[in-house]
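Report on the structure given below.
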Amino acid sequence: MYQIIGKKNLGEGINLYNISAPDIALKALPGQFIILRVNKNGERIPITIANSDKKDKTITILVQTLGKTTHLLSELNVGESLADLVGPLGVPTEIKKFGTVVCIGGGFGTAVIYPIAKAMKAEGNRVISIIGARSKELLLMEDEMKTASSEVLVATNDGSCGTKGIVTDVLRNLIYDKKIQIDRVIAVGPVIMMKAVSDLTKEKSIKTIVSLNPIMIDGTGMCGACRVLVGNKTKFACVDGPDFDGHLVDFDNLMNRLKFYKEEEKTSYDCHMKAHHNLTA
Amino acid sequence: MDTKERLKIKKHVMQCQPPEVRSSNFKEVPYGYTAEEAVEEAKRCIQCKRPYCIEGCPVYINIPAFIKLIEEGDFLGAAKKIKETNSLPAVCGRVCPQEDQCEKVCTVGKRKDTPSVAIGNLERFAADYEAKYGDIHIEINQKKDKKVAVVGGGPAGLTVAGDLCKMGYQVSIYEALHEIGGVLMYGIPEFRLPKEILSRELKVLEDMGVNVFTNEVIGKTFNVDELLNERGYGAVFIGTGAGTPKFLNIPGEELNGIYSANEFLTRVNLMRAYNKSEYDTPIKCGKTLVVFGAGNTAMDAVRTALRLGYQDSRIFYRRSRNEMTARIEEVYHAEEEGVKFEFLINPIRFIGDENHNVTAVECERMELGEPDESGRRRPIPVKGSEFIAKIDAAVIAIGTNVNPIVPSSTPGLNLNKWGYITADENTGKTSKKGVFAGGDIVTGAATVILAMGAGKKAAVAIDKYLETGIW
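As you go down the protein sequences, you meet chains A and B in turn.
The numbering of the first sequence is the numbering used here, which starts it at 1 and goes up by one.
The numbering of the second sequence is the numbering used here, which starts it at 1001 and goes up by one.
Structure follows, in structure tokens:
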């Protein structure tokens, strides 16, 4: 069960995993997520599904190594299995013909925006994708995004590819300089990026959907750990989301809630890495 | 021994860990009866001609019969007798509110000066004895070729699965979490129901032949129609439990350090956060934690907080002591352990620091007015009574709303005005052919044993439906 079929290092501690998950692969729609546990004593972590292959019965996820759990995951090799994998969870992204849709992926958010862009294009939208990374080497899935979009625009912090700057610079240019009529924006990436995109599109009232990633436990609406403020109302990201109207999301609250266990996570990671080094030494 | 002599025997109180010791560990609170104590307590049962206790039991355990076996020293026989109707005796002996059921109607207890027979304690004794010394073989009827899917591995679903398996059906449980047990696993703490004991009873079900599929969210991974039409199940039982936690809806509730009871208990119980050296799911600790609410879940949360190291663990309740819904035993244990109870207090807002962590809660005092629709006197705020209490964490234990996943993904299922599934009280039949439901997803949050009772009735009805084909 839940065997790793493929694994690829994409740099910056980001790994791509293809995992055997027949039931999930068959059902997963763009925007949905899974919850996994690496081992029997591990924590449950939510990860958005980047792709699902009904034929191979696999799903693809991208995970950046940040703490103990993600480090343990990065240590798993092809042929090894996860302890648990459950999904597809959450409400899928609303896919229909809107007209011109801008899909924005920041960092490895690009992996998540990819199936959304693909589905939006298949629905007959003009899809302009904006993908961002710190530098050219870290840019993900540029070729795939080209096939999934009508047009792909790139932003890198160091200017090594596309516009020098961030994805909002490119979006601002589309809205204000090129004066493109945009019917919907979908942004997936770091919270700070989704906030910046939402602030920008709010000026012109362009409907903007963001995918939120709060702390979760069960992922089925039972625990309420993932509650977010949307339009000043409490919503559960796992069953009401993870997609929400970016103009209504309280991003500062989300960022604060994501920080709650930082200290425990650091202690756990340091302790784990110390043991890990002792073991390998 | 005649009745007169039996009535002279004093009730045997189960010995417990001393409060000052147990308040800092997660080990079970009562030690259980010794064999001698159990036999002596069993002698108190007068073997009534009309045993009201059986009527008081939602799963109709033959109580006088199993107690008689204990008295005779046939402890394994007693366990076997209980298991004829109850698949989870070690669980029920611990978490059932016996004082509202079998023990409430016990004839001995109806007398002025003799307390009820300790039926729950005796059930627990028999179950634990069997776990230690016996290996009861459960009779399973000849295998049938019909399949039943049970959605949710909590008390209702486990009962349906156990009963139908005994009848010979091929039963599969679909569980959303990574372990079955439902509230017994994620909700009820180790010190009330050790997970080892629960796992043992769950394993008996699996050994009987019940298939368990964890990590399957019905309504997401598959839906009910697929179970019926594509996966070959003749009937589906929905027992998905209580659902999403209610919050107070007051300012500051989104601050860090404010948990729903479900989250707080799930971290500690299902994810074993209290065992930091072995498990990865974190939980914070501080000095002062307040639980809002006064039901059994609130008691579980506040006693858990104490054990995690919150020295000052309190209950704030907007009504008075008389309106508390928790079992008396739980309240008593909590008070013994040092939990402080403060009544007629209503929270108005939470206050946080620059890091978004909760540091205080502003409350107002209440007084009791006229009875409300629940029959309890309605609390009314006292003007000018606001005060601020410093806290490090808060747990909201004021109940749950319906979980929408199964109802919203199952066309043809009638729901009541709160969104719970409408099902016949005696059969669990829903408005959708082949689909039965029971437990909290039908009644809203109730008790383990009521869910098990609903499961029992549904198992009978499912058998009848699959045998006759008549809906």
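Positions of the beta carbon are idealized from the N, C-alpha and C atoms, including for glycine.
Residue 243 of chain A is bridged by DSSP to A:211. A contact between stretches requires three or more CB pairs, one per stretch, nearer than 8 Å, and the segment 123–131 of chain A fails this requirement with the segment 79–90 of chain A. Not one beta carbon of chain B lies nearer than 8 Å to the beta carbon of residue 278 of chain A. For the segment 201–230 of chain A, the set of residues with a beta-carbon nearer than 9 Å to any beta-carbon of chain B comprises 217, 218, 219, 220, 221, 222, 223, 224, 225, 227, 228, 229, in chain order. Residue-level contact check: residue 1176 of chain B touches chain A, since one or more beta carbons of chain A fall below 8 Å from its beta carbon. Here the alpha carbon of residue 162 of chain A sits roughly 25 Å from the alpha carbon of residue 202 of chain A.
Residue 1377 of chain B sits in a strand when the DSSP states are folded into three classes. Counting C-beta atoms within 10 angstroms of its own C-beta, residue 230 of chain A has 16 or more neighbours from the protein chains shown and is therefore classed as buried. By alpha-carbon distance to residue 1242 of chain B, the top candidate from B:1103, B:1158, B:1451, B:1133 is B:1451. CA-to-CA, the gap between residue 66 of chain A and residue 16 of chain A works out to about 15 Å.
The Cβ atoms of residue 120 of chain A and residue 101 of chain A sit closer than 8 Å to each other.
Under a criterion of Cβ atoms nearer than 8 Å, the residues of chain B adjacent to residue 24 of chain A are, in order, 1221.
Of the candidates B:1229, B:1013, B:1020, B:1013 places its Cα closest to the Cα of residue 1031 of chain B. Secondary-structure assignment with DSSP links residue 202 of chain A through no beta bridge to anything. In the assembly as shown, residue 1299 of chain B is a buried residue. Its beta-carbon has 16 or more other beta-carbons within 10 Å.
Taken in chain order, the whole alpha helix (DSSP H) runs of length 4 or more contained in the segment 1141–1166 of chain B number zero. Residue 1296 of chain B: member of the alpha helix (DSSP H) spanning 1296–1308, first to last residue. Per DSSP, residue 84 of chain A is one residue of the beta strand (DSSP E) stretching across 84–89. Taking a C-beta cut-off of 7 Å against chain B, the contacting residues of the segment 51–81 of chain A are 68, 69, listed in chain order.
Taking a beta-carbon distance threshold of 8 Å, residue 1280 of chain B counts as an interface residue toward chain A.
Nearest Cα to residue 1305 of chain B within the set B:1176, B:1295, B:1337: B:1337. Rounded to whole angstroms, the gap between the alpha carbons of residue 1398 of chain B and residue 1026 of chain B is 24 Å. Across the structure, residue 136 of chain A and residue 1430 of chain B are spaced so that their CA atoms are roughly 58 Å apart. Taking a C-beta distance under 8 Å as the contact criterion, residue 1141 of chain B and residue 1162 of chain B do not qualify as a contact pair.
If you check the CB distance, residue 1438 of chain B and residue 1454 of chain B come in under 8 Å. DSSP, read as helix, strand or coil, puts residue 1448 of chain B in helix. When rounded, the separation of the alpha-carbon atoms in residue 168 of chain A and residue 193 of chain A is 8 Å. The beta-carbon distance between residue 1273 of chain B and residue 1283 of chain B, rounded to whole angstroms, is 4 Å. This is short enough to meet the 8 Å contact definition.
When 9 Å is used as the limit between beta carbons, residue 1050 of chain B is near no residue of chain A, the shortest such separation being about 42 Å. Counting only runs that start and end inside the segment 1187–1219 of chain B, the beta strand (DSSP E) elements of at least 3 residues fall at 1211–1213.
Interface criterion met: the Cβ of residue 261 of chain A is under 8 Å from a Cβ in chain B. Close to chain B, meaning a Cβ-Cβ distance shorter than 8 Å, are the following residues of the segment 32–44 of chain A: 37, 41, 42, 43, 44. Sequence-distant Cβ neighbours of residue 1271 of chain B in its own chain, meaning closer than 7 Å and more than five residues away, are 1279, 1281. Contact between the segment 102–115 of chain A and the segment 38–52 of chain A is present: three or more C-beta pairs spanning the two stretches fall below 8 Å.
Residue contact check for residue 1243 of chain B against chain A: a CB pair falls below 8 Å. For residue 1308 of chain B, the CB contacts under 8 Å within the same chain, skipping 5 residues up- and downstream, are 1268, 1274, 1283, 1285 in chain order.
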